[in-house]
Amino acid sequence: DAKTTQPTSMDCAEGRAANLPCNHSTISGNEYVYWYRQIHSQGPQYIIHGLKNNETNEMASLIITEDRKSSTLILPHATLRDTAVYYCIVTRFTGGTSYGKLTFGQGTILTVHP
Amino acid sequence: NAGVTQTPKFRILKIGQSMTLQCTQDMNHNYMYWYRQDPGMGLKLIYYSVGAGITDKGEVPNGYNVSRSTTEDFPLRLELAAPSQTSVYFCASSYLPSTNEKLFFGSGTQLSVL
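Protein sequence lines, in the order shown, are assigned to chains A and B. Numbering (the numbering used here) for the first sequence: 2 to 115. Numbering (the numbering used here) for the second sequence: 29 to 142.
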């Protein structure tokens, strides 16, 4: 699976948009970009994923560049409860026993302040 | 909606002791996983299972054993606890093979080996 690079930490004011970048310059054509987050002392929580098109759901938006070498997770109106570690993961859909073998790096610590 | 349930939440072991971390899910997911998370680090896959009776090693399997006798349960066994196994353990599950690597995580078991 392709390696990802994320900033160690970021700050965001409550009510503003939080834009979390992720570089994955070695991504291959059949690899997906996934985002999870982990609120302190809890298990990781799925946020969103995409292949090459931008995606939006009730939690966030995912913007993937045209060359797919980077992406941005957008939390449109950050709240204090969005303070968490955010993981960008790139993984290949190969079928069989590859599922769940997600490589969680150290992620980005997002702090939302009042 | 219980989801993925892990027990116990906390445990302290002495070196050489053994214990079983319990994990059960009520979503009828075929795929189940065990991860560990050391302080300040990302998650590492220990073992995973693609269905009842089928298990396989992940990235860091040494010192652990698993079994999968039912779809619902996926216990993790530590036979001879060592200080290096001090960590937070997360169990996760996911549905049938698809392009959606949406894992559902339990709330974790914090284990200290002294």
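We treat Cβ as the ideally placed atom computed from N, Cα and C, and that holds for glycine. The structure displayed is predicted, hence computed values, not measured ones.
Taking 7 angstroms as the upper bound on Cβ-Cβ separation, chain A lies near residues TYR59, TYR61, MET69, GLY70, LEU71 and LEU73 of the segment 54-74 of chain B.
Listed by position along chain A, the residues whose Cβ is nearer than 7 angstroms to that of B/LYS130 are TYR47. Under the 10 Å beta carbon count, A/GLN39 is surrounded by 16 or more other beta carbons and is classified as buried. Straight-line measurement puts the Cα of A/SER29 at about 37 angstroms from the Cα of B/LEU106. Residue burial annotation: B/THR52 is buried, with at least 16 other C-beta atoms found within 10 angstroms of its C-beta. Each residue's CA atom was taken as its position, placing B/GLY31 and B/MET55 some 6 angstroms apart.
Residue contact with chain A for B/PHE38: absent (no Cβ-Cβ distance below 8 angstroms to any residue of chain A).
Per DSSP, reduced to three states, the secondary structure at B/PRO103 is coil, with no helix or strand assignment.
In this structure the segment 69-88 of chain A lies against the segment 9-23 of chain A, because at least three pairs of beta carbons, one per stretch, are closer than 8 angstroms. Taking all protein chains in view, the Cβ of B/ALA110 is surrounded by fewer than 16 other Cβ atoms within 10 Å, so the residue is classified as exposed.
Its Cα nearest to that of A/MET60, the residue A/TRP36 stands out among A/THR66, A/TRP36 and A/LYS53. Runs of the alpha helix (DSSP H) lying entirely within the segment 31-100 of chain A, each at least 4 residues long, are absent.
Under the DSSP assignment, B/VAL116 falls in the beta strand (DSSP E) whose first and last residues are 115-122. Of the residues assessed, B/MET69 falls on the exposed side of the cut-off, its CB having fewer than 16 other CB atoms within 10 angstroms.
Check the Cα spacing between B/LYS37 and each of B/THR48, B/TYR123 and B/TYR76: the tightest is with B/THR48. Here A/PRO22 is bridged, per DSSP, to A/THR73. When only Cα atoms are considered, A/THR5 and B/LEU41 end up about 36 angstroms apart.
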